[in-house]
Amino acid sequence: MSISMRPSQALRLWQQVMLAQVRGGAPDLTMRQTAILFTIYLDPPPHTVRGLAAKLNVTKPVITRALDTMGALKLVSRHRDELDKRNVLIRRTVEGALFVERFGDGIVARAHELPI
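Under the UniProt record's numbering, the first residue of the sequence shown is numbered 1, with each subsequent residue one higher.
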């Protein structure tokens, strides 16, 4: 499905989604943390610190710091790869899946409110 939007409409939609997140008391994630979280939930696993760093073109410490925050919020969990102890696997959680689903629902709801 393709939709057509003017840049001002796209920006208004993004603003409305962000305002709803802030007003709703959702965890306050940075743009980078959000990009990492969506990558974990929208792209097929497995996800590793190394793989996420390569995909987002950032360093492994950047990913680790973001995962520290998201782990404390129970949005993701980390486990050592049993086959290769050097790798840390990132796993989805129920809390994280619900967060992402609600975020998506919020985008759809705000999109319906956009003036034509």
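For each residue, glycine too, the CB sits at the ideal point set by N, CA and C.
Taking a C-beta distance under 8 Å as the contact criterion, Thr48 and Leu89 qualify as a contact pair.
Listed in chain order, the beta strand (DSSP E) runs fully inside the UniProt domain "HTH marR-type" (1 to 116) are 76 to 80 and 88 to 92, counting runs of at least 3 residues.
Around the beta-carbon of Val76, 16 or more other beta-carbon atoms lie within 10 Å, marking it buried.
If you compare the alpha carbons of Met70, Arg110 and Tyr41 with that of Ala97, the shortest gap goes to Tyr41.
For Glu82, the closest C-alpha among the options Thr69, Ala53, Glu113 and Pro46 is that of Pro46. Spatial neighbours of Gln9 in its own chain (CB-CB distance under 7 Å, excluding positions within 5 residues in sequence) are listed in chain order as Leu114.
Less than 8 Å separates the beta-carbon of Gln21 from that of Gly106. By the neighbour-count definition (other C-beta atoms within 10 Å, threshold 16), Ile3 is an exposed residue. Here the alpha carbons of Val62 and Phe103 stand approximately 23 Å from one another. Taking 8 Å as the upper bound for CB-CB distance, Arg110 and Leu29 are not in contact here, some 18 Å apart.
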